[in-house]
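Order-wise, the sequence lines are chains Y and S. Sequential numbering of the first sequence, starting at 8, is according to this note's numbering. Sequential numbering of the second sequence, starting at 8, is according to this note's numbering. Just so you know, even glycine gets a beta-carbon here, dropped at the ideal spot from N, CA and C. Shown next, in structure tokens, is the structure this report addresses.
Protein chains: 2
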Amino acid sequence: MLLPDFERVKLARLQSRIKPHLERTEAALDRLTASDIALADEIGRHIRNGRGKFFRPTLLLLSAMEEGQVPDLAVEAAAAVELVHTATLVHDDFIDDAETRRGQPAVNKKYGPATALIMGDLLYTRALQHLARLDLVTPYRLMTDAAVHMSEAEMLQAQTRYSLEVDEETYLRIIYQKTASLIECACRIGASFLPDAGDIDAVFRQFGCQTGLVFQITDDIFDYLGDPRRLGKPTGCDWSEGRITLPLIVAWREADAGARAQISALAASRDPAERAGSWSEVQAFVQRYGGVDYAYERAKAHGEKAKAALGALATGSRQDLLTVAVEYVINRLK
Amino acid sequence: MLLPDFERVKLARLQSRIKPHLERTEAALDRLTASDIALADEIGRHIRNGRGKFFRPTLLLLSAMEEGQVPDLAVEAAAAVELVHTATLVHDDFIDDAETRRGQPAVNKKYGPATALIMGDLLYTRALQHLARLDLVTPYRLMTDAAVHMSEAEMLQAQTRYSLEVDEETYLRIIYQKTASLIECACRIGASFLPDAGDIDAVFRQFGCQTGLVFQITDDIFDYLGDPRRLGKPTGCDWSEGRITLPLIVAWREADAGARAQISALAASRDPAERAGSWSEVQAFVQRYGGVDYAYERAKAHGEKAKAALGALATGSRQDLLTVAVEYVINRLK
């Protein structure tokens, strides 16, 4: 039985409020992924076929919007943010040896790992070039900071892979750098176009950071519980591939020595198929020691912080719409 | 018998003229490749152990130097250029499945392909972030243009791999984008620190572009002839890996149908070992139809253009030293 996807509906309704600006962003993205090199152009079209949710551009546009209007340069910046996001997905899929992305073959599978690396580099550098050419100094600075954060997160993740000794602090650093930093960057870039940009940057920084943390913790919980809106989506991918996330980190912290020893034995394997075989035992362990409940509470707390940050904004449609945006992220868990 | 490496000596002598500035650049590079993430820091040290020739920073520093002085920001930009160059080498080695780099194991071999991809991304983004944080607007604009060029070149190279129908024009685009664009970028960034930067940008652009073209054509010739200063260095790597470069492009253009058919049969294989087996036949074909001689003439012509560009500069030490730099590149062939 497929549950109706109320949250997707909520996001779609939110996005309908900025439809013309999202369409402009898509057009800009089309221009940025087109190429006079046939192979790059083909892969660009392949990627655009699997359209994402445009969550980051949505936040950027909502942050930049004044009386229903979004400046052209903010639209161009929104396209650049989505392009950087796309580039990281292409590289991530290569790192994770992923088979599919958004319902189609991943670039690394369809075109090979070397071409996936090149394509990711091309999208990444083109996004940064776009901001540089448009003289968007603040967006460029914010984006290169986020880009370094994301690369560092991948490195940290590679370094801590398979280790049950990752602590909550390291986990928080990884998810801030790999996910929240770009969402924060999108919000701050959007707000940089507002007349009082200097005064309210800290608000958007806090809002974006906290929203991004909710987003990633939620994704990590889905990998233990299953996503209620996508029944049949497999769980346990993080465990199989050796990514140790908050639910397991907490359960490990809380467990007694005997239970730890059992999990430790299972964690010694680096073979994805073998690890998949021990998944139900790990899932039970995490439930027993309250790992998912704890992660859920942390996600809610970050969501409250995100909403609280918006309290500093003037009441009005921007505050309202961004509240809906963060509620969409929080409610994905319900 | 090992020939004395006169050209390396010439480069070393040139570099001794800017020794303190090169040392500052190395120190800046050390800071940029250090990391609080143990794995990134370790790979950073591994990479720095295999020190390169610092050819691009040398050109940047020579271009920026006034009365023996180089501004701090130009030194930082020189480190960023070398860092981008290093990032592309890490990614290239993965693409080419290279075993070694500068006498030590390539990052993709020592740490695995996924980590090589991440490390390349980290170095790349950190270089671009560094320029942004220092508010070096013109340098980061030039650098993102070069970065896009280099990624496009990799894509073009992937697209034309193994094809004997690549023409000279496409070859020129590839080598401009993959090699000359960053050398041009280094020269233009250096000159951007000069008081009359706006007026002389075109000179450094032409000088850098032409010098870069000589550099790559020379490398491509070495792959047919062997590098006289590195006896024993294997030839035929480009052929084995399916990269069709100027000597072969020209020989193919000049050859009769019978000779073409023979080469065409050999080119059908995509197995590096099998291609290596046909190398001597290809080498003979290229010699017979004048491919190396033609490439040599083209390299010399680009070298002359580089020197001619310098004629527009005021006579003095900058002009003299840059002339030595391009002569170093041209004379590598002698």
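Check, Outcome
"Beta-carbon separation (whole angstroms), Ala204 of chain S vs Leu138 of chain S, contact threshold 8 Å", "That pair is no contact at about 16 Å."
"Short Cβ contact (8 Å threshold) for Ala258 of chain S with Phe229 of chain S", "no"
"Residues bridged to Glu175 of chain S [DSSP beta-bridge criterion]", "Paired residue(s): none; Glu175 of chain S is not in a bridge."
"Status (buried if at least 16 other CB within 10 Å, exposed otherwise) for Lys185 of chain Y", "buried"
"Between the CA atoms of Arg295 of chain S and Tyr131 of chain S - distance to the nearest angstrom", "42 Å"
"Nearest candidate by alpha-carbon position, reference Arg195 of chain S, set S:Ile50, S:Ser70, S:Ala87, S:Val144", "S:Ser70"
"Beta-carbon separation (whole angstroms), Phe214 of chain Y vs Ala308 of chain Y, contact threshold 8 Å", "Not a contact, Cβ separation roughly 15 Å."
"Cβ neighbour criterion (16 or more within 10 Å) applied to Ala274 of chain S", "buried"
"Beta-bridge pairing of Gln76 of chain Y - partner residues as DSSP gives them", "Y:Glu73"
"Strand pairing of Arg108 of chain S, partner residues [DSSP]", "S:Gln111"
"8 Å Cβ cut-off: residues of chain Y touching Gln184 of chain S", "Neighbours of Gln184 of chain S on chain Y: none; closest Cβ ~10 Å, over 8 Å."
"Where the alpha helix (DSSP H) containing Phe61 of chain Y begins and where it ends", "Element bounds for Phe61 of chain Y: n/a, residue is neither H nor E."
"Among S:Thr225, S:Gly51, S:Ile190, S:Glu304, nearest to Leu67 of chain S - alpha-carbon criterion", "S:Ile190"
"Rounded Cβ spacing between Thr151 of chain Y and Gln269 of chain S (contact assumed at less than 8 Å)", "The Cβ separation is near 51 Å, so there is no contact."
"Cβ-Cβ distance between Leu129 of chain S and Leu328 of chain S below 8 Å", "no"
"Minimum C-alpha distance to Pro254 of chain Y - residue among Y:Val299, Y:Leu141, Y:Lys312, Y:Leu39", "Y:Val299"
"Reduced DSSP secondary structure (H/G/I, E/B, other) of Ile251 of chain S", "coil"
"Length at least 4, wholly inside the segment 135 to 209 of chain S: the alpha helix (DSSP H) runs in chain order", "144 to 167, 175 to 182, 188 to 198"
"Cβ neighbour criterion (16 or more within 10 Å) applied to Ser188 of chain Y", "buried"
"Contact set between His98 of chain Y and chain S, taken where Cβ atoms lie within less than 7 Å", "Leu124, Asp128"
"7 Å CB neighbourhood of Ala35 of chain Y in its chain, flanking five on each side removed", "Val82, Glu83, Ala86"
"Neighbour-count burial assignment, Gln223 of chain S, 16 or more Cβ in a 10 Å radius", "buried"
"Neighbour flag for Arg148 of chain Y against chain S, beta carbons, 8 Å", "yes"
"Of the listed residues S:Asn338, S:Asp142, S:Ile207, nearest to Gly318 of chain S (C-alpha basis)", "S:Ile207"
"Distance, Trp286 of chain S Cα to Arg267 of chain S Cα", "15 Å"
"Beta carbon of Leu163 of chain Y nearer than 8 Å to that of Arg180 of chain Y", "yes"
"Backbone secondary structure at Gly310 of chain Y - three-state DSSP", "helix"
"Within 8 Å, strictly: CB atoms of Tyr183 of chain Y and Leu220 of chain Y", "yes"
"Arg52 of chain S to Pro27 of chain Y span [Cα, whole Å]", "50 Å"
"Collapsed DSSP secondary structure at Ile25 of chain Y in the structure displayed", "coil"
"Chain Y contacts from the segment 144 to 173 of chain S (Cβ-Cβ distance under 7 Å)", "Val144, Tyr147, Arg148, Thr151, Asp152, Ala154, Val155, Ser158, Glu159, Glu161, Met162, Leu163, Ala165, Gln166"
"Closest residue to Glu161 of chain Y among S:Leu46, S:Thr32, S:Arg325 (Cα-Cα distance)", "S:Leu46"
"Residues near Ala262 of chain Y in its chain [Cβ-Cβ closer than 6 Å; skip 5 each side]", "Tyr296"
"Short Cβ contact (8 Å threshold) for Pro64 of chain S with Phe200 of chain S", "no"
"Sequence-distant residues of the same chain with beta carbon closer than 7 Å to Cys244 of chain S, five excluded per side", "Asp230"
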